[in-house]
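Visitor:
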Amino acid sequence: MYLIEVYVTNSSLNVNRPFTYVYDKPLAKYVRVKAFFNRSQNIAIVVSCRSTNQTREEIDQTYGFSVQEILEVVDEEPVISEEIFELASWLSKTTISPFIGCLNAMLPKALKTSKSLKGPKMIRKLHKNEGDFAFTKRQREIYDLIDEGMIAAEARKMSVSVIGKLIAVGALTEYEEEAQYENTDVERKAFKTLTDEQQNAYDKIISTDQIVSLLFGVTGSGKTEVYLHLADHFLKQQKEVLIMVPEISLTPQMIERVKERFNDVIFYHSELSDQERYEQYRRVKEGEARIVVGTRSSVFLPFHDLGIIIIDEEHDSSYKQDNVPCYHARNVAIRRAITHHAKVLLASATPSLDSYSRALKKEYQLLELKNRINLNLPEISVIDLTKQIKKKDSYIISEPLKEAISETLYNNKQVIILLNRRGYSPIIKCAECGTTLMCQDCDTPLNYHKDENVLKCHQCSRTYRIPKNCPSCGSGKLIYYGFGTKRVEEELQNMFPKAHIDRMDRDSVNHKGAHAKILKAFEKHQTDILIGTQMIAKGLDYPDVTLVGILNADAGLMHQDYNSAKMTFDLLMQASGRSGRADSTGRVIIQAFNVDHYAIKAVISHDYNYFYNIEMNYRQKTGYPPYSHLMEIILSDMNERRLQDSLDYLGRLTDTLSYKVYRPYRLPKQQKLARYRILIMGKNLRNMLDEMQKIIDGYISEKNLSHIKIDIDPLYLE
Ligand code: ADP
Ligand code: ZN
Ligand code: ZN
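Residue numbers for the sequence shown follow the numbering used here, beginning at 1263 and rising by one.
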C-alpha cells in the first residue's frame, strides 16, 4: 500500500492543506488523480507518496477515519516541475491564498486540476503504410494525393468512403496528435546599432552582479531596441529570455518587432484560446522555443534556464492581478530570477515609486536613457478649462485643441485623443470659479451617485446633499463633469466631417482581434484620428502621429485613491510619449481644470524627478507605500446580517494587531453582494504576512461567516 498526499481542487482557505489517500501502486509527485472529496469526485494533485506495510485496517486505525482510495490516475507524467511546485507554495504564502488556486493560476486550462477535466485538443492525422495494396483506380488517385501526416478530416473531404476503405485495408493508419498552432513568418530585419546611451545600459546589464536593474528611459529613447539586443545575447548563451509587456500593449506592432529579429518566438497573452495557451506552454516546457513575449501570467511558464526577464513598463498596474491570487508579476519575476541565477530588467519612462526608490538606494542597478532617439521631445501645453468655460468654450474639445487638430489634419498627420475616465464617477465643479466639491472631513473630491442622487466621499463614506450654489463663490453654475469616448467621437465628427475617426475602448474591442484591426488601420494611416481610453496610451510607435490631445487629464486626480496622482502622471507621460516619435516634432495638448497640480506641471516639464520628490513627500507624511505595505481585506455577502456579524468577528481578530487598521469602508454593491473593505498598513511585510495568516486561519475556522478576500499591496483601492 502507498500513502498518497494530495491537494484537492477547492477554493476555500480551510482546505488549504494536503489530504491523505491510499493507492496500491506508487505514484509520481505532481500527477493528477481522481478521488472522492466531500462525497463528490475531485481532481487532485499528488504531492507526496510513501509506502507502508500497514493493512487498510491498520491505516484507518492510525488515522482515526476511513482513508479513501485514489480512484484513477490522470497523467502519465507530472504536470509541473519541482520549481513550479515551490513557486506555487511561495505564492500561496505571500498572497495568503489557497495553494491549489495559486497552482491553477499558473497553468493553462488543459493542465489545471479543474473539476471537469478537459485535455488538450487532439487532431486526427493519417500515416501512409508501405506495402502492396490492390488499389482501384480511384483509390490509387486519392492515396497519391495524401501527404504523410495529412489531417484526416481534410483527406475525407476528397471521399469519406475511399479513405475508410484505405484505412480498412491497412494502407493508411489514423493517429491522434495534439493540435498545433503555427506562427506566420515576417520579413527578417537587422539589429540597429545601439547609441552610446543604449550601449552603456546594455553593457552594464550584462556585466552587473546585481539581480535587478532598472532602466529609466524617456518614451522613445529606444528601450525596446535594448531589450532585443539583450535577448540576442542571452539566446546565444543558450539561455531563455522572457520579455513581459502590459496587458494591452502586446500590439501587433510589438509582435512584429520581435519576430523581425528572432525565430520561434512564443507570444503568450489573454487573447489566445485555451488550446493555443496550452500549446505555447508545452513548447516552452519541451524547450522548443526559448524566447517568450507575454503578459502577466507568462511569468509562470515552465522555463528551464532563464537568462533574463525583461519587464517593459514595469510600473503598469496590469502586472498586478486583482483577483485571487493577487500576485504582482514583478515579485514573481524576481523570485524566479533568483532560482534561475538570471537577471531582471525593469524598464519604464515613469518607474514605480517602489522600484525607483530601491534603485536610488542601490538595491537595484539604475540605468538611464535621457534622450529620445530623434532627440526631440514633444511640446506640451495645457488648456485651463475653467478659463475656457468662462469664455463659453466647450469643455470636451476646446477651441485651441480644435485648431491644433485642424492644422495636423491639414498637414496630413495623425491625431490621438486620449480620454482619461476609467473607473471614475462624475464629480461636480463650479463653472464660475473652478472649485470642485470636496468632503469636509477628508479633503477629497465628492463623487456623484446617480442612483441615490447624493454626493459621497469615497474615503469616509460621508454623504452630502447636492448644493444649489458653489460653496466658495456662491454661483449657481455647478456642472456635472464626465463624458465618454462616444460623445467625443460625435463632437469630432461634427467638427471634421471628412476626417476618418476611429474609437478604441472597452466597448469597441470586446471581440477577438478588434484591437489589432483598429491599430492596423491606424498604422496604415487609414484613420486620421484615434480616440481611446488608457488602451491607446502605451507602446504605440507611429511616425505620423504629431498631435496627442488629452481630455479631462486631471479626472484621475479627483479620485481619492492614494495612488491616483502617480497613475495620472504615468498616463499623461505615456500618452505624451506617442507624439512626434519620428522626424517631425510632436505636440501634446492637455485639457484640465486643476492645471497647477504637480502631476500636470511635471508632465509639462518632462520632469519625473520633480514629480517623484513631491509624491514621495506625500507618501512619507501619510505613510502610504512605498513607506509601508497595505493589506486589503474585502468581506462580501448577499446576507447583510451575516456580513455585519463577520465584520464584528474580524474586527475582534484585527484588534490584536500592532498595525494601523482603518475603519471598515462600505464599498458599492457588486452583483448583489454587499461589501466592506478593511485596510491594514504596516512596515514589516514578513511580519504582517505571519500575523495576517493567523487572523485568516482564525476567521476561516469559524463557520457561517462571509466570503473573505485578501489583497496584499493593492495598487489602488476600489
Ligand atoms: P521606447 O521603447 O523607449 O519608447 P522605442 O524602442 O520604441 O522606444 O524606440 C523609438 C524609436 O527609435 C523606434 O522607432 C525605434 O525603432 C527607433 N530606434 C531605437 N533605437 C535605435 C537605434 N539605436 N538606432 C536607430 N533607431 C532606433
Ligand atoms: Zn464657484
Ligand atoms: Zn470624507
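The beta-carbon is built from N, C-alpha and C at its ideal position, and this holds for glycine as well.
Rounded C-beta distance between Ala1693 and Ile1741? I'm assuming under 8 Å.
Guide: Position 431 of the sequence shown, counted from the first residue, corresponds to residue 1693. Position 479 of the sequence shown, counted from the first residue, corresponds to residue 1741. With 8 Å as the limit, Ala1693 and Ile1741 qualify as a contact, their Cβ atoms being about 5 Å apart.
Visitor: Is Leu1631 near ligand 1, going by C-beta to nearest heavy atom under 8 Å?
Guide: Here residue 1631 is taken as the residue at index 369 of the sequence shown, counted from 1. For ligand 1, at least one heavy atom lies less than 8 Å from the Cβ of Leu1631.
Visitor: State the DSSP-derived secondary structure class of Glu1509, mapped to helix, strand or coil.
Guide: Within the sequence shown, numbered from 1, the residue matching residue 1509 stands at position 247. If DSSP states are grouped into helix, strand and coil, Glu1509 belongs with coil.
Visitor: Have a look at Thr1271, Thr1314, Asn1278, Ser1274 and flag the residue whose alpha-carbon is nearest the alpha-carbon of Tyr1285.
Guide: Working through the sequence shown from its first residue, we reach residue 1285 at position 23. For the residues Thr1271, Thr1314, Asn1278, Ser1274, the minimum Cα distance to Tyr1285 belongs to Thr1314.
Visitor: Return the bridge partner residues of Pro1707 from the DSSP annotation.
Guide: Position 445 of the sequence shown holds residue 1707. Pro1707 is bridged to Met1700.
Visitor: Over the uninterrupted alpha helix (DSSP H) stretch that includes Leu1680, give me the two end residues.
Guide: On the sequence shown, position 418 is the one that residue 1680 refers to. It is not in any alpha helix (DSSP H) - Leu1680 instead sits in the beta strand (DSSP E) that spans 1676-1681.
Visitor: Contact check, Cys1695 vs Cys1719 under 8 Å by CB: the rounded distance?
Guide: Walking along the sequence shown from the start, residue 1695 turns up at place 433. Walking along the sequence shown from the start, residue 1719 turns up at place 457. Contact doesn't hold; Cβ gap of about 21 Å is too wide.
Visitor: Can you tell me whether Ser1274 is buried or exposed, with buried defined as 16 or more other CB within 10 angstroms of its CB?
Guide: Residue mapping note: residue 1274 aligns to position 12 of the sequence shown, counting from 1. Looking at its Cβ environment, which holds fewer than 16 other Cβ atoms inside 10 Å, Ser1274 is exposed.
Visitor: Mapping DSSP to helix, strand and coil, what is Leu1388?
Guide: Stepping through the sequence shown from its first residue, residue 1388 is reached at position 126. Leu1388: strand per DSSP, three-state reduction.
Visitor: Quick one: is Ala1767 buried, meaning 16 or more other Cβ sit within 10 Å of its Cβ, or exposed?
Guide: Along the sequence shown, one-based indexing puts residue 1767 at 505. According to the sequence as given, residue 1767 is Asp; it is not Ala. With 16 or more other Cβ atoms within 10 Å, it is buried.
Visitor: Along the chain, where does the alpha helix (DSSP H) containing Asp1899 start, and where does it finish?
Guide: Residue numbering aside, residue 1899 sits at position 637 when the sequence shown is read from its first letter. Asp1899 -> not in any alpha helix (DSSP H); beta strand (DSSP E) instead, spanning 1891-1899.
Visitor: Given the structure, does Asp1803 come close to ligand 1, in the sense that its CB is under 8 Å from one of the ligand's heavy atoms?
Guide: Here residue 1803 corresponds to residue number 541 of the sequence shown, with the count starting at 1. Yes, Cβ of Asp1803 sits closer than 8 Å to a heavy atom of ligand 1.
Visitor: Measuring only the C-alpha atoms, how far is Lys1748 from Ile1798?
Guide: The count along the sequence shown starts at 1 and reaches residue 1748 at position 486. The count along the sequence shown starts at 1 and reaches residue 1798 at position 536. When rounded, the distance between both Cα atoms is 15 Å.
Visitor: Measure the C-alpha to C-alpha separation of Ile1266 and Pro1288 and round it to an integer number of angstroms.
Guide: Indexing the sequence shown from 1 puts residue 1266 at position 4. Indexing the sequence shown from 1 puts residue 1288 at position 26. Going by the C-alpha atoms only, they are around 8 Å apart.
Visitor: What does Gln1853 pair with, by DSSP beta-bridge criteria?
Guide: Position 591 of the sequence shown holds residue 1853. Paired residue(s): Ile1645.
Visitor: Cutting at 7 Å between CB atoms, please list the residues of its own chain near Lys1521, excluding the five before and the five after it.
Guide: Locating residue 1521 in the sequence shown gives position 259, where the first residue counts as 1. Counting only Cβ-Cβ distances below 7 Å, and skipping sequence neighbours, we find Val1448, Val1527.
Visitor: Going by the CB atoms, is the gap between Met1878 and Ile1972 shorter than 9 Å?
Guide: Position 710 of the sequence shown, counting from 1, holds the residue named residue 1972. Position 616 of the sequence shown, counting from 1, holds the residue named residue 1878. The answer is no: Cβ separation not under 9 Å.
Visitor: So what does DSSP say about Tyr1978, is it helix, strand or coil?
Guide: Numbered from 1 along the sequence shown, position 716 holds the residue referred to as residue 1978. If DSSP states are grouped into helix, strand and coil, Tyr1978 belongs with coil.
Visitor: Report yes if the C-beta of Gly1479 is less than 8 Å from at least one heavy atom of ligand 1; otherwise report no.
Guide: The residue labelled residue 1479 in the question sits at position 217 within the sequence shown. Yes, ligand 1 has a heavy atom inside 8 Å of this Cβ.
Visitor: In chain order, what residues of the same chain lie with their CB nearer than 7 Å to the CB of Trp1352, ignoring the 5 residues before and after it?
Guide: Locating residue 1352 in the sequence shown gives position 90, counting from the first residue. Cβ within range, chain order: Arg1597.
Visitor: Identify the continuous alpha helix (DSSP H) that holds Met1950 and give its terminal residues.
Guide: Residue 1950 sits at position 688 when you count from the first residue of the sequence shown. Per DSSP, Met1950 belongs to the alpha helix (DSSP H) from 1947-1963.
Visitor: Where does Glu1575 land, buried or exposed, given buried means 16+ other C-beta within 10 angstroms?
Guide: On the sequence shown, position 313 is the one that residue 1575 refers to. Buried: at least 16 other Cβ atoms inside 10 Å.
Visitor: What residue does the alpha helix (DSSP H) around Pro1514 start on, and which one ends it?
Guide: Within the sequence shown, the letter at position 252 stands for residue 1514. It spans 1514-1521 - the alpha helix (DSSP H) in which Pro1514 sits, taken as one unbroken run.
Visitor: Among the residues of its own chain, which have a CB less than 6 Å from the CB of Ala1591, if the five just before and after it don't count?
Guide: By 1-based counting over the sequence shown, the position of residue 1591 is 329. Arg1558, Val1561, Tyr1581, listed in sequence order.
Visitor: Mind listing which residues have their beta carbon within less than 6 Å of any non-hydrogen atom of ligand 2? Chain order is fine.
Guide: This selection yields Cys1692, Glu1694, Cys1695, Thr1697, Cys1732, Ser1734, Cys1735, Ser1737.
Visitor: Assuming Val1308 and Val1293 form a contact by the criterion Cβ under 8 Å, report the distance between their Cβ atoms to the nearest whole angstrom.
Guide: In the sequence shown, counting from the first residue as 1, residue 1308 sits at position 46. In the sequence shown, counting from the first residue as 1, residue 1293 sits at position 31. Contact flag correct, Cβ pair sits at about 5 Å.
Visitor: Mark Val1850 as exposed unless 16 or more other C-beta atoms lie within 10 angstroms of its C-beta, in which case mark it buried.
Guide: Taking the first residue of the sequence shown as 1, we reach residue 1850 at position 588. Result: buried.
Visitor: First and last residue of the beta strand (DSSP E) that includes Ala1609?
Guide: Position 347 of the sequence shown, counting from 1, holds the residue named residue 1609. 1605-1610 is the extent of the beta strand (DSSP E) around Ala1609.
Visitor: Suppose you measure from the CA of Leu1373 to the CA of Tyr1530; what does that come to, to the nearest Å?
Guide: On the sequence shown, position 111 is the one that residue 1373 refers to. On the sequence shown, position 268 is the one that residue 1530 refers to. Going by the C-alpha atoms only, they are around 16 Å apart.
Visitor: Between which two residues does the beta strand (DSSP E) holding Ile1690 run?
Guide: The residue given as residue 1690 occupies position 428 in the sequence shown. Note, Ile1690: beta strand (DSSP E), 1689-1692.
Visitor: If contact is defined by three or more beta carbon pairs under 8 Å, each pair taking one atom from either stretch, is the segment 1800-1819 in contact with the segment 1831-1843?
Guide: Judged by Cβ distances under 8 Å, the segment 1831-1843 makes contact with the segment 1800-1819, as three or more pairs qualify.
Visitor: Relative to the C-alpha of Leu1680, which candidate in Lys1800, Ile1473, Ile1467, Leu1915 has its C-alpha closest?
Guide: Numbered from 1 along the sequence shown, position 418 holds the residue referred to as residue 1680. Ranking Lys1800, Ile1473, Ile1467, Leu1915 by Cα distance to Leu1680 puts Lys1800 first.
Visitor: Tell me whether the beta-carbon of Pro1887 lies closer than 9 Å to the beta-carbon of Leu1615.
Guide: Position 625 of the sequence shown holds residue 1887. Position 353 of the sequence shown holds residue 1615. Their beta carbons are under 9 Å apart, which means Pro1887 touches Leu1615 by this criterion.
Visitor: Looking at the structure shown, is Ile1728 part of a helix, part of a strand, or coil, going by DSSP?
Guide: Sequence index remark: in the sequence shown, residue 1728 carries index 466 (1-based). DSSP places Ile1728 in coil when its eight states are reduced to three.
Visitor: Hey, Ile1413 and Leu1607 are a contact pair by Cβ (cut 8 Å); roughly how many whole angstroms apart?
Guide: Counting from one through the sequence shown, the residue named residue 1413 turns up at place 151. Counting from one through the sequence shown, the residue named residue 1607 turns up at place 345. Not confirmed; about 42 Å, so no contact.
Visitor: In this structure, does DSSP put Lys1718 in helix, strand or coil?
Guide: In the sequence shown, residue 1718 corresponds to position 456, counting from 1. Strand at Lys1718.
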